[in-house]
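Protein chains in written order, with this note's numbering: chain A, 126 to 342; chain B, -4 to 368.
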């Protein structure tokens, strides 16, 4: 369950994060710093506040939530998809940061070379820029995935803690600790959580080393 | 056909105003010290710099004309660009790099196998760019640019970041390419050696303006240009191998206005070669020394007239340009010699040149004829 929520959070968030990172790294326009700040907001706001804002926006009566409900019959509050949304929003800045750093590190001279060889804008982005930024994007995704596993405040506020639906690992651990005699259960879950986090970090380290070796760095 | 560039642009603290028109196909060397504006010209021709005013055309094909509102973006110019730092794509193999432009090209005038053979890079195809040496990388970059089927090839100091040994490794390949290609090539360098070896035409840039344009054989010997004042100043002559005399271990070269005897070279009769005669090796004589020639060790006595004389006070030297037929030689002598011989424009002189002072350029390149693979 937790894994599925985190996977969805990263899966849907990553393309958006790449796009946002590219806009922030390559485009110069008025309001860029405001956009930059907005993207990073979930990183500095108390997660509960983020969850509450999501509740206002995506709640059944909220401006976005009402439209989704009306047009597509999609209800996000207190659902698995909602938990994924909350996780996604929380880890979005982490992904954007990682992708943006690697996009900025990619040599613009290589894009010039691709241009002189007849590659148009989109062509260049997919054949040169994106592969060069791949190590950073992958690392960003894995770190975001690991972070999403541990997301607590925004999820419990927006999606509540419904066992089997929106109760992710940290929520389950918290619930176990609240119930009498739940220490053993909490310890088990914590162990799983620990293993997942460690695996994520090791995987990111390994992946970045491999990809960079392929690029000769 | 001709290749013409006219361009005007102002940067903070530097402005460039350049116009030239050179024959195409052919290699045009943009020569000048750093900061003369060579790379700016390349960037504008490639379309990477939007110049304030410019017109760039290859024959009837207009790449840019600000007055007519034409500005083709770089990806539609079909201009092959080779950078000083090869800029190979690190995430692709050598073959992947070579195919990058080929896959996006409309026509197919030069094929994959031919380029691979011409540049001798078959053994490198499966390798990754970071495993190549600097010289190999540059050869792959040239191949990649050629396979994009360009109508114009731009080389921006392609050898500048290489050591002397690597340069010597690539120059023969460039000479071979030159013989095979039928497109205009713009080659940026500040190395006189590369210019004399490769150039057909020269555009001499100085502080953002054109100081002189013309065939390399003229530009290299003009006494009034800064090239003549260099320690390695030399005349470059286009010759053909006329005859060998194995008994005397000599080869006779036919050069427009005269013949030259050089130490025997290993090239077939009829082969075109370039000969370089350093200015400091040319002796001038006032009278006809024909009678004396039998008593001298040298073989070449060429009769011409003084075309121009320029002083080089810092070296206590004078540069004398000698016209022979339509061509010219350059001689560096002392100001005292100029005075003693009474040299002045229009005065007839004899130029004495030792056979051993005549250097055949790119000999190795030409002795290995391009295989018709």
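Here a beta-carbon is modelled for each residue, glycine too, at the ideal position from N, C-alpha and C.
Here the structure is a predicted model, which is why all the values come from computation and not from measurement.
Considering residue i, what are the terminal residues of the beta strand (DSSP E) in which it resides?
i, result
"residue 117 (chain B)", "Neither: residue 117 (chain B) is in no beta strand (DSSP E) and is coded neither H nor E."
"residue 187 (chain B)", "Note, residue 187 (chain B): premise wrong, no beta strand (DSSP E); alpha helix (DSSP H) at 187 to 193."
"residue 268 (chain B)", "267 to 273"
"residue 354 (chain B)", "354 to 356"
"residue 278 (chain B)", "278 to 280"
What first and last residue would you give for the alpha helix (DSSP H) that runs through residue i?
i, result
"residue 212 (chain A)", "205 to 230"
"residue 180 (chain A)", "172 to 183"
"residue 308 (chain A)", "308 to 339"
"residue 195 (chain A)", "188 to 197"
"residue 167 (chain A)", "157 to 169"
"residue 127 (chain A)", "127 to 151"
"residue 67 (chain B)", "Neither: residue 67 (chain B) is in no alpha helix (DSSP H) and is coded neither H nor E."
"residue 331 (chain B)", "330 to 336"
Which residues in chain A sit within 9 angstroms of residue i, going by Cβ to Cβ distance?
i, result
"residue 74 (chain B)", "241"
"residue 139 (chain B)", "238 and 242"
In this structure, what does DSSP give as the bridge partners for residue i?
i, result
"residue 295 (chain B)", "B:348"
"residue 78 (chain B)", "Answer is none; residue 78 (chain B) lacks a bridge partner."
"residue 325 (chain B)", "B:316"
"residue -2 (chain B)", "B:17 and B:53"
"residue 85 (chain B)", "Answer by DSSP bridge pairing: none, since residue 85 (chain B) is not bridged."
"residue 305 (chain B)", "B:314"
"residue 263 (chain B)", "Residue 263 (chain B) pairs with nothing; no bridge assigned."
"residue 5 (chain B)", "B:10"
"residue 61 (chain B)", "Per DSSP, none; premise fails for residue 61 (chain B)."
"residue 343 (chain B)", "B:300"
"residue 48 (chain B)", "B:3"
Taking residue i as the query, report the chain A residues whose CB atoms sit under 8 angstroms from its CB, ordered along the chain.
i, result
"residue 43 (chain B)", "237, 240 and 241"
"residue 99 (chain B)", "242, 243, 244 and 248"
"residue 143 (chain B)", "241, 242 and 243"
"residue 95 (chain B)", "239, 242, 244 and 252"
Which bits of chain B does residue i rub up against, with CB to CB less than 7 angstroms?
i, result
"residue 114 (chain A)", "Given that chain A is displayed from residue 126 to residue 342, the structure contains no residue 114 (chain A) and the question cannot be resolved."
"residue 256 (chain A)", "86"
If the cut is a Cβ gap below 9 angstroms, which residues of chain B does residue i touch?
i, result
"residue 234 (chain A)", "78, 80 and 82"
"residue 339 (chain A)", "85, 86 and 123"
What in chain A is Cβ-close to residue i, meaning under 7 angstroms?
i, result
"residue 69 (chain B)", "240 and 241"
Taking 7 angstroms as the cut-off, does the CB of residue i come closer than this to any heavy atom belonging to the ligand ATP?
i, result
"residue 257 (chain A)", "Questions concerning the ligand ATP fall outside what the structure shown contains, since it holds no ligand whatsoever."
Practice problem: Within the region 235 to 306 of chain A, note down every full alpha helix (DSSP H) run reaching 4 residues or more, in order along the chain. | Solution: 246 to 249, 255 to 274, 278 to 283 and 294 to 303
Quiz item: For the 8 angstroms Cβ check, are there 3 or more pairs between the region 107 to 117 of chain B and the region 270 to 280 of chain A?
Solution: no
Quiz prompt | Runs of beta strand (DSSP E) lying entirely within the region 116 to 185 of chain B, each at least 3 residues, in chain order | solution = 147 to 151 and 179 to 184
Practice problem: Write down every uninterrupted run of the beta strand (DSSP E) in the region 7 to 46 of chain B whose length is 3 residues or greater and which is fully enclosed by it, in chain order. | Solution: 9 to 18 and 21 to 26
Quiz item: Are the region 212 to 220 of chain A and the region 165 to 175 of chain A in contact at 8 angstroms, needing three or more beta carbon pairs?
Solution: yes
Quiz item: Taking the runs of the alpha helix (DSSP H) that are 4 residues or longer, which of them lie wholly in the region 186 to 257 of chain B?
Solution: 187 to 193 and 211 to 214
Exercise. Report yes or no: do the region 50 to 63 of chain B and the region 120 to 131 of chain B share at least 3 C-beta pairs separated by less than 8 angstroms?
Key: no
Quiz item: Taking three-plus beta-carbon pairs below 8 angstroms as touching, is the region 142 to 154 of chain B in contact with the region 67 to 74 of chain B?
Solution: yes
Exercise. May I ask you to verify whether the region 225 to 242 of chain A touches the region 193 to 213 of chain A, counting CB pairs closer than 8 angstroms and requiring at least 3?
Key: no
Quiz item: For the region 20 to 34 of chain B against the region 169 to 182 of chain B, are there 3 or more C-beta pairs whose distance is under 8 angstroms?
Solution: yes
Quiz item: Using 8 angstroms as the threshold, is the region 282 to 295 of chain A in touch with the region 157 to 166 of chain A, meaning 3 or more CB pairs across them?
Solution: no
Quiz prompt | Segment contact, 8 angstroms Cβ cut-off, at least three pairs: the region 235 to 246 of chain B with the region 316 to 330 of chain B | solution = no
Exercise. Decide if the region 241 to 253 of chain A is in contact with the region 93 to 105 of chain B; the criterion is three or more beta carbon pairs, one per stretch, under 8 angstroms apart.
Key: yes
Exercise. Check whether the region 157 to 170 of chain B touches the region 100 to 110 of chain B, counting contact only when three or more Cβ pairs, one atom from each stretch, lie closer than 8 angstroms.
Key: no
Quiz item: Does the region 192 to 205 of chain B come close enough to the region 286 to 295 of chain B that 3 or more CB-CB pairs lie under 8 angstroms?
Solution: no
Quiz item: How do the region 181 to 190 of chain B and the region 148 to 156 of chain B stand: do at least 3 beta-carbon pairs fall below 8 angstroms, yes or no?
Solution: yes
Quiz item: Is it true that the region 22 to 37 of chain B meets the region 319 to 330 of chain A, where meeting means three or more beta-carbon pairs spaced less than 8 angstroms apart?
Solution: no
Quiz item: Counting pairs of Cβ atoms below 8 angstroms between the region -1 to 16 of chain B and the region 30 to 42 of chain B, do you hit three or more?
Solution: yes
Self-check item: Touching by the beta-carbon criterion (3+ pairs, under 8 angstroms), the region 262 to 276 of chain A and the region 127 to 143 of chain A
Solution: yes
Quiz item: Hey, is the region 221 to 229 of chain A in contact with the region 253 to 266 of chain A, meaning 3+ C-beta pairs nearer than 8 angstroms?
Solution: yes
Practice problem: Report yes or no: do the region 242 to 253 of chain B and the region 215 to 223 of chain B share at least 3 C-beta pairs separated by less than 8 angstroms? | Solution: no
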